[in-house]
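First residue of the sequence shown: 153, per the numbering used here; consecutive thereafter. No residue lacks a Cβ here, since even glycine has one placed at the ideal position from N, Cα and C. Bear in mind the structure is a predicted one, so any value in this text is a computation, not a measurement. Accompanying notes for the structure given below.
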Amino acid sequence: MSTPITPAGMEGLAAIVSGPDRALLAFDFDGVLSPIVDDPEKAQASPRAFHTLADVGKRVGSVAIVTGRPVSFLISRDRFGTLLSIPDFAVYGHYGREKWDSVSRTTVSAPPDEGIEEIRRELTQLLGQPGVHDGSWLEDKGSAVAIHTRRAADPALALATLSGPVEELAERHHLRVEPGKMVLEIRPPGVQKGDVLRAIVRDRGFQAIMYAGDDLGDLSAFAAVDELRENGVPGIKVCSGSPEAPEVAKAADVVVDGPAGVADLLETLGQRIEHEGSAGATARTLLTGRLASTPAIRKQVALDSRGVPVPPRRSARTPRPAPRSGHAGTGRSGPARLAVRPPQPPDGPKAGRRASARSWHAAAWRRASRCRGSP
Ligand SMILES: [Mg+2]
């Protein structure tokens, strides 16, 4: 699954590629970096997702994971250590009520909400009553709670049946309900992923942004990207595609094929930054005197992994041309011609090795002729 990128999304992507050190890449976790599984506690990022994120994360200004999960869940995932190589990396848990960063490696949390403490007890009683929601269960997220219906006999029916009573309870405790993929999440008002993105860009002054999400809770982040674009910060909204949340695909600039598609996108982005980003552009500008953006010029300039030009191998074997001159010894002037003169043998004919020298000369001429005939 993949869709064309909208013009605004293309502009956002181009801004990230041309100025990676001023770009923020932000991601939801479940369904974006990790596949959706029946037991949310067993969700793990795909090895490739973390690997590609770590790779591209070294090339951009900052990377953030913004999730409804607690920070403790994220940092305990398998291979999380892969991400510690990202110089500027943070995890925002509970929709921003918790923050962990790779420099301090500590978690800062907002105080718990009293309403959550009370509704947790009442929701446990609700789920304990028999009904079509049998199999549904309550996830305690600390500063939020979530009811999952994926294990019910009919998950969609269970979700629909529970929605009304849960909304009533939430309203009574001044909380809000955020529906998701076979889940109802109850959390304090004013806690949104979009607020996290706005705060990061405002505080750090990033000039381009990417956000990748898959569920309804990510729509506020998409709305934040829209607002930032209106205020002159290019951005791209990526949907990790799923038939369970078509609203997210509609709001996105591009839809990719789940977490594997996100990893593909990150890999491509990393390659583009390496070859077209500011480091590569600087190297090419130094070499050619202008930004070499055309395919013809790119072919001539080989860059190593750091974006530094690599001299063509053939230059070391090409004989040095003779000085420009007219027709030597004739006194005639004429158009200067480049003469290719073979290098001399190391010992020379005077060393008494004439046969060997003749053979060496012949080989040198053949090499020189090949070089002259080369473009
Ligand atoms: Mg998600």
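Straight-line spacing of the CA atoms in Ala166 and Arg174 works out to 12 Å. Around ligand 1, the residues whose beta-carbon falls short of 6 Å from at least one of its heavy atoms are Asp180, Asp182, Gly183, Val184, Asp366 and Asp367, given in chain order. Nearest in C-alpha terms to Gln196, of all of Asp182, His203, Thr204 and Val218, is Asp182. It is roughly 21 Å from the alpha-carbon of Ala160 to the alpha-carbon of Gln423. Take Val335, set aside five residues on each side of it, and the residues of its chain with a beta-carbon closer than 6 Å to its own are Ala298 and His300, in chain order. With a cutoff of 8 Å on beta-carbon distance, Ser392 and Val377 are scored as not near each other. About 5 Å separates the beta carbon of Leu176 from that of Ser214, a gap short enough to meet the 8 Å contact definition. For Lys389, no alpha helix (DSSP H) segment is defined; the enclosing uninterrupted segment is the beta strand (DSSP E) at Gly387 to Ser392. Annotation: Lys251 is outside any alpha helix (DSSP H); the continuous beta strand (DSSP E) that includes it extends over Glu250 to Asp253. Each of Leu205, Leu226, His285 and Leu314 was checked against the Cα of Lys194, and the nearest Cα belongs to Leu226. Our two residues, Thr158 and Phe358, have alpha carbons roughly 21 Å apart in a direct line.
With 16 or more other Cβ atoms inside 10 Å of its own Cβ, Val223 counts as buried. Scanning its chain for C-beta atoms nearer than 8 Å, with the 5 sequence neighbours on each side dropped, one finds around Val318 the residues Leu275, Leu278, Ile299, Val329, Leu336 and Ile338, in chain order. By the beta-carbon neighbour count (other beta carbons within 10 angstroms, threshold 16), Gly384 is exposed. Burial of Asp367 is indicated by the presence of at least 16 other C-beta atoms within 10 angstroms of its C-beta.
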